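So the number in my numbering is just where the residue sits in the sequence shown, counting from 1, plus 354. Glycine included, C-beta positions come from ideal geometry on N, C-alpha and C. Just so we're clear, the structure is a prediction, and the values are computed from it rather than from any experiment. Structure record follows, encoded as structure tokens.
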Amino acid sequence: MEWFIHHLLYFIPLGALLLDTLVGDPRSKYHPVVLIGNCISFYEHLLYKKNTMARNQILLGISTVLLVLMTVMVIVTGLLFIGGTIHPIGYFIVSLLCLYIAISPRCLAEAGIEIANLLRKQDISEARRKVGWIVGRKTSELDESEITRATIETVAENTVDGIISPLFWFVLIGPWGAIGYRTINTMDSMLGYKNERYLYFGRFAARLDDVVNYIPARITCVLFVIASFICGKDWKHAIRIATRDAHKHP
């Protein structure tokens, strides 16, 4: 049985991808990523001080990140322990759900395909509205080429955030890696702004997100070139563009 359980863990990435393909990413206020967001908001409300020095803001931001990660890791460890105590396969199921929670390929693919179909139909108005759901900027004035660019950029970025990075960290550290990555990425999306409130307080969260994405982003680049070759596209041009633009991104 132990041999079976041990080797069963190798199938978790495939199982998580299959589960996401079949079920997708359900929207609910009880979704674990939403709960992680609530945890971030709780510690932010507890620790953020508006009128304080930049150095103190940075330290408070670091404390927030560490407390959120510690809280989430304790919960994940507890769930894995409970699952494994009930039955050895329970550990496998909890691990599978952790990775499933951390990835979102179906949602990403559906969004990109829907916008592409709208552009083929020349429905620019609806395409603007749909692209506004997946990008963090004003889209009401975008033309067709700008919509295309925004969609490609978002799909490329979220291929790292929503597929490759969670898988990478799961392979390295297991379920703690997948959920830990999703937690860091969520903190970056909530705290990593360069405005008055988060310029210093959210700096560590933003930098940590860059660090954990550093290797997965480069793996993704290689995978895009391979995919271009397999699909019969201009893979050599893909290499040239990747080389040209590499210095523009962390």
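Residue state for GLY546 is assigned as coil, using DSSP reduced to three classes. Setting aside the 5 residues that flank it on each side, THR375 is surrounded in the same chain by PRO459 and ARG460, each with a C-beta closer than 8 Å to its C-beta; the list follows chain order. At a Cβ-Cβ threshold of 9 Å, ILE488 and THR508 count as neighbours. In the DSSP annotation of this structure, the continuous segment of the alpha helix (DSSP H) that includes GLY369 starts and ends at 366-377. Three or more pairs of CB atoms, one per stretch, sit closer than 8 Å, so the region 520-531 contacts the region 437-457. If you draw a straight line from the Cα of HIS385 to the Cα of TYR364, it comes to about 25 Å. Shown here, PRO529 sits in a helix according to DSSP, grouped into three states. A check of alpha carbon separations from LEU562 across ASP515, ARG474, ASN539 and ARG572 identifies ASN539 as the nearest. Between VAL426 and PRO529, the C-beta gap is not smaller than 9 Å, which leaves the two residues out of contact. For HIS441, no alpha helix (DSSP H) run applies, since DSSP gives it neither H nor E. Contact check for ALA465 against LYS484 passes: the beta carbons are separated by less than 9 Å. Rounded to the nearest whole angstrom, the C-alpha separation of ARG557 and VAL428 is 24 Å. Contact check for LEU401 against SER417 passes: the beta carbons are separated by less than 9 Å.
ILE390 is the residue among HIS591, TYR568, LEU372 and ILE390 whose C-alpha sits nearest the C-alpha of LEU423. If you draw a straight line from the Cα of ASN549 to the Cα of SER582, it comes to about 38 Å.
When DSSP states are grouped into helix, strand and coil, SER499 belongs to the helix group. Assignment of SER458 by DSSP, reduced to helix, strand and coil, places it in the coil class.
In this chain, TYR554 is not harboured by any alpha helix (DSSP H), its DSSP state being neither H nor E.
For THR505 and GLY486, the gap between their C-alpha atoms comes out near 10 Å. Following the DSSP letters along the chain, one finds CYS393 inside the alpha helix (DSSP H) bounded by residues 386-401. Assignment of VAL489 by DSSP, reduced to helix, strand and coil, places it in the coil class. Per DSSP, reduced to three states, the secondary structure at LYS590 is helical. DSSP places LYS383 outside both helix and strand once states are collapsed to three, so it counts as coil.
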